[in-house]
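Residue numbering for the sequence shown follows the numbering used here, beginning at 1241 and increasing consecutively.
One structure is given here, and the rest of the page talks about it.
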Amino acid sequence: MRKAMIKPIIEFCISNLASGSQKALEILEKDPNLDIIEYSCLSYCTRCAETLFALVNGEFVSGETPEQLVENIYRYLEENPMF
């Protein structure tokens, strides 16, 4: 019997996607080991207006560019393994 693998959850805010994190979402969606979820609002409005971000397993991760955001998300996942 195979164990179900729990995937890291990456949550994006639609407003932040419109601000530029859409490209990061598109890159991350190609990774079958991640669950990507879009919400209308994640209630980080002040920070959302200032930077590109996503919630990674509930933790705020940001980047100045979509590429930096992706890099920071993967770094966060490496430094904070789920098991």
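Yeah, the Cβ is synthetic: ideal placement off N, Cα and C, and Gly gets one too.
Everything numeric in this text was worked out from a predicted model, so none of it was measured.
Query raised in the report: Hey, how far is the Cα of Leu1257 from the Cα of Val1296?
Result: On the sequence shown, position 17 is the one that residue 1257 refers to. On the sequence shown, position 56 is the one that residue 1296 refers to. Straight-line Cα distance between these residues: approximately 15 Å.
Query raised in the report: So, using beta-carbon positions, are Ser1261 and Pro1306 closer together than 9 Å?
Result: Here residue 1261 is taken as the residue at index 21 of the sequence shown, counted from 1. Here residue 1306 is taken as the residue at index 66 of the sequence shown, counted from 1. In this structure, Ser1261 places its C-beta atom within 9 Å of the C-beta atom of Pro1306.
Query raised in the report: Taking three-plus beta-carbon pairs below 8 Å as touching, is the region 1298-1314 in contact with the region 1262-1271?
Result: Remark: three or more beta-carbon pairs, one from each stretch, lie closer than 8 Å, so the region 1298-1314 and the region 1262-1271 are flagged as touching.
**Report entry** Ala1294 - containing beta strand (DSSP E), residue span
**Finding:** Position 54 of the sequence shown, counting from 1, holds the residue named residue 1294. Element bounds for Ala1294: Leu1292 to Val1296.
Query raised in the report: Alpha carbon to alpha carbon, how far is Leu1282 from Phe1252?
Result: Within the sequence shown, the letter at position 42 stands for residue 1282. Within the sequence shown, the letter at position 12 stands for residue 1252. Rounded to the nearest angstrom, the two C-alpha atoms are 8 Å apart.
Query raised in the report: So what does DSSP say about Ser1259, is it helix, strand or coil?
Result: As a position in the sequence shown, residue 1259 is number 19, starting the count at 1. Looking at Ser1259 - three-state DSSP - the assignment turns out to be helix.
Requested in this report: Have a look at Leu1317, Ser1302, Met1245 and Glu1319 and flag the residue whose alpha-carbon is nearest the alpha-carbon of Glu1290.
Outcome: Taking the first residue of the sequence shown as position 1, residue 1290 is located at position 50. Nearest option by C-alpha distance: Ser1302.
Query raised in the report: Taking the C-alpha atoms as reference points, what is the distance between Glu1304 and Met1245?
Result: Your numbering for residue 1304 matches position 64 in the sequence shown. Your numbering for residue 1245 matches position 5 in the sequence shown. Rounded to the nearest whole angstrom, the CA to CA distance from Glu1304 to Met1245 is 31 Å.
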